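Read through the structure below, which is laid out as structure tokens, and then see the notes.
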């Protein structure tokens, strides 16, 4: 008898099959003496759409809402149904005794597998492989310590609750807004409060009025001291600033006090996903989605880091014994840092990082014991790995120590303060690459009561500044603060806001669009409140830990859906599509709207029942202009297809051999996950 192993992706299935010795490669699975290893392609099963319950819902009508099925049903995703059928056939083999779920060890991975098993009608035993890295050793150890599937029933219930809540709230509210205001408007329990935060920040900026203020500095020899009163150094009265300068100019400075304070700062804890996304955005300008994509490759393909989708920054106590192996595996890339650590004997990481109570489903992101070969990594992969590696190495270094000297001067009865910080021990900052320049001390020779004669005063005018628009790092921090989404979903939420044209990215900052500003006025107050979504997230987490009631949660979501849709129906708000043109649709006569896409501007009919669309701009090709290197336009002429760069007036005839285009998203999806391609690569 054999165990059926269900992985989430073909690449992961291939690694598991190799470790388990399953050498017989088939189109949809690998087989060995004791195991059959197959794979999903992400989700193979999804919640039914409204039209699956009743064909009338294919046409969106406000009067049909809310759509709340008594029991949510499942359906197989058509584009990847071939893989589902293959798993179904394997599951029904008489020599299969049980299933081992080997999808990603998290809420979404659990949902992927359980929905497949539910659609198959699985009744045999279920086991769970729960590992935090994809190294051969981790896989072998994981299969020796398989956990009963029932242990993860609560996690599955939580995942179902999240999926159904997003369907009920997101689908109904989006349909209600779209049909009421005749424009594609998307809302949801996470994306809407996130949009609300961006718009609130924009309001603060637009309503901000700069206020002038003045600061006074005293040059006392080589020392610069700043005027202070009651802990503040700004003067908002210009006349008072002038009077102070006139009264104090030329007077000596008496040293009132010289105080020195030592500060010790421990190494930061390792990364969780959200903080890594924030740092990658600050350091490299990576979007949250790009960081997660690169990180996934480091985890799955290269096996160099542990599970990415974690919200913990701590490690379990049993990992303490693995520290030396991890350092040895990293040594080729960080010889100068690691060699001295290993020379001292057993390297010890900071004790505070090992805390079983603060490890959730997964521990912090750290390097694995897989041997590092930097030459195999792309530039982006190296950058991200380096962030993770240096944060990990910092744990083995002493605290950063500094000494701050504060000198207080009395000039004509007014207090002036000078501060300087000297590094005592760089500690962990040496490995993080954040060394501070050790400036020449200027306050060390001062003594209390000392009088310094040569004082020069200067006044500087400045203006108060509005808060900055959110960067991706800022937005992730706000989403984490209010519990909006999870580490695994925040990147997709941000991309969703951009794709639905309610916000724009400009120079790494988020700006609300006219559409976004109008949308937030139409949405129910409760739905745009971060507090409501944060409460839902807490309830979902409680369900996952066995302390919540899934039935009660979904009953509340159903009531909430009815209320939200009723409010939209009764609303008297007015909305005007911001991208309407003066052009009319040749098929139905409605006005056309202009939409920006990756391939240029498109004109689409504003009548939702009409499917008319055409390009406003010529389609851009991947061919570059030989002169200015911009993407060239594609045109179809009497002599066939040609490329044109208008600014340079360059025209090139298309090579017939290069005129092969992908035929739709379905074909692209099948090609991306082609099992034949995956198996073929396994033999390379």
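Numbering (UniProt numbering), first residue to last: 1 to 684. Ideal Cβ placement from N, Cα and C applies to all residues, glycine included. From a predicted model like this one, the values you see are computed outputs, not experimental measurements.
Does the region 155-173 touch the region 540-559, meaning 3 or more C-beta pairs lie closer than 8 Å?
Cβ pair count under 8 Å is three or more, so yes.
When you compare each of 30, 610, 235, 208 to residue 217 by their alpha carbons, which one comes out closest?
Ranking the options by Cα distance to residue 217, first place goes to 235.
DSSP three-state label for residue 20, please.
Helix, per DSSP.
Excluding the 5 residues preceding and the 5 following residue 95 in the sequence, name in chain order all residues of the same chain whose CB lies nearer than 7 Å to its CB.
So the list reads 1, 2, once near-sequence residues are dropped.
Cα separation between residue 138 and residue 302?
C-alpha separation (whole angstroms): 14 Å.
Note the first and the last residue of the continuous beta strand (DSSP E) segment covering residue 100.
Where residue 100 is concerned, the enclosing beta strand (DSSP E) stretches over 96-102.
What is the DSSP secondary structure of residue 167, counted as helix, strand or coil?
It is helical.
As a quick exercise: from 479, 162, 21, pick the residue whose alpha carbon is nearest that of residue 140.
Out of 479, 162, 21, 21 has the C-alpha closest to the C-alpha of residue 140.
Where in the region 531-598 do unbroken runs of the beta strand (DSSP E), each at least 3 residues long, occur, reported from the N-terminal end onward?
The region 531-598 contains these whole beta strand (DSSP E) runs: 580-584, 591-597.
Let's see if you can read the secondary structure: which residues bound the beta strand (DSSP E) around residue 255?
That run of the beta strand (DSSP E) goes 253-265.
Following a CB-centred definition, is residue 178 positioned closer than 8 Å to any heavy atom of the ligand FMN?
Ligands displayed in this structure: none; no statement on the ligand FMN is therefore possible.
Check the DSSP bridge columns for residue 35 and list the partner residues they point to.
Paired residues: 3.
What residue range does the alpha helix (DSSP H) around residue 410 cover?
Element bounds for residue 410: not the alpha helix (DSSP H) but the beta strand (DSSP E), 400-411.
State the start and end residues of the unbroken beta strand (DSSP E) segment that holds residue 458.
From DSSP, the beta strand (DSSP E) with residue 458 extends over 455-463.
Using three-state DSSP, classify residue 442 as helix, strand or coil.
Coil at residue 442, not helix or strand.
Given residue 356, which residues of its chain have a CB within under 6 Å of its CB, disregarding the five upstream and five downstream residues?
Only 316, 317 meet the Cβ criterion.
Is residue 202 near residue 642, with beta carbons less than 9 Å apart?
It is not a contact, given that the beta carbons lie outside the stated cut-off.
Let's see if you can read the secondary structure: which residues bound the beta strand (DSSP E) around residue 172?
Taken as a continuous stretch (DSSP letters only), residue 172 belongs to no beta strand (DSSP E), being part of the alpha helix (DSSP H) at 172-181.
Tell me which residues share the same chain as residue 394 and place their Cβ nearer than 6 Å to its Cβ, disregarding the 5 neighbours each side in the sequence.
So the qualifying residues of the chain are 267, 428, 431, 432.
So residue 134 and residue 300 are in contact, right, with Cβ under 8 Å, and what is the actual spacing, rounded?
That belief holds up - the Cβ atoms of residue 134 and residue 300 are roughly 6 Å apart, short of 8 Å.
In this structure, what does DSSP give as the bridge partners for residue 88?
DSSP lists no partner for residue 88.
Just the C-alpha distance for residue 16 and residue 40, rounded to the nearest angstrom, thanks.
In a straight line, the C-alpha of residue 16 is about 14 Å away from that of residue 40.
If we require 4 or more residues per run, which alpha helix (DSSP H) segments fall completely within the region 190-222?
Counting whole runs of 4 or more residues, the region 190-222 contains the alpha helix (DSSP H) stretches 191-206.
Measure the Cβ-Cβ separation of residue 295 and residue 396 and say whether it is below 9 Å.
Contact: no.
Using only alpha-carbon positions, find the residue among 14, 238, 498, 215 that is nearest to residue 232.
Considering only alpha carbons, the answer is 215.
Spatial neighbours of residue 453 within its chain, please: CB distance less than 7 Å, with the 5 preceding and 5 following residues excluded, ordered by chain position.
Closer than 7 Å at Cβ, skipping near neighbours: 252.
Apart from the five residues on each side of it in sequence, which residues of its chain come closer than 8 Å, Cβ to Cβ, to residue 470?
So the list reads 197, 198, 201, 478, 509, 510, once near-sequence residues are dropped.
By how many angstroms is the C-alpha of residue 245 removed from the C-alpha of residue 213?
Distance between the alpha carbons of residue 213 and residue 245: 15 Å.
If you count every other CB in all the chains shown that lies within 10 Å of the CB of residue 112, and 16 or more means buried, which is it?
When all chains shown are included, residue 112 counts as buried.
From what residue to what residue does the alpha helix (DSSP H) around residue 621 run?
Looking at the DSSP string, residue 621 is not in any alpha helix (DSSP H); the run it does join, the beta strand (DSSP E), is 620-624.
Between the region 480-491 and the region 145-155, can you find at least three pairs of beta-carbon atoms closer than 8 Å?
No, they do not touch.
On the DSSP bridge list, what partners appear for residue 452?
253, per the DSSP bridge assignment.
Where residue 684 and residue 123 are concerned, what is the direct C-alpha to C-alpha distance, given to the nearest angstrom?
Because residue 684 sits at a pLDDT of 31, beneath the cut-off of 50, its placement in the model cannot be relied upon, and the following sentence gives the value as read from the coordinates. Their backbone Cα atoms lie some 38 Å apart in a straight line.
Decide if the region 179-192 is in contact with the region 568-579; the criterion is three or more beta carbon pairs, one per stretch, under 8 Å apart.
Counting Cβ pairs under 8 Å, three or more are found: they touch.
Given a cut-off of 9 Å, decide if residue 633 and residue 653 are closer than it, judged by their beta-carbon atoms.
No, Cβ-Cβ distance for residue 653 and residue 633 is not below 9 Å.
In the DSSP assignment, the beta strand (DSSP E) including residue 117 goes from what residue to what residue?
Looking at the DSSP string, residue 117 is not in any beta strand (DSSP E); the run it does join, the alpha helix (DSSP H), is 107-120.
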